[in-house]
């Protein structure tokens, strides 16, 4: 479980692979019990990354 999570986050950080694809892969591997927690965590990271990107764009301009 922990190894899969670390690999998943490394892929997100290094390669910026499509997040929905990783959610589907992780959901099929881990099963539907952890699937909703993964989706919730992924959406939270997406929202935080979007807000941080907007802040950085404002500061650059």
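Residue numbers (the numbering used here): 25 to 85.
Ideal placement from N, C-alpha and C gives every residue a C-beta, glycine not left out.
| query | Is it the case that the Cβ atoms of residue 46 and residue 36 are separated by a distance below 8 Å? | reply | In this structure, residue 36 lies closer than 8 Å to residue 46 by Cβ.
| Apart from the five residues on each side of it in sequence, which residues of its chain come closer than 8 Å, Cβ to Cβ, to residue 31? | Exclusion of the five residues before and after residue 31 leaves no residue of its chain whose Cβ lies closer than 8 Å to its Cβ.
| message | Alpha carbons only, please: which of 49, 74 and 73 is nearest the one belonging to residue 62? | response | That would be 49, whose Cα lies nearest to the Cα of residue 62.
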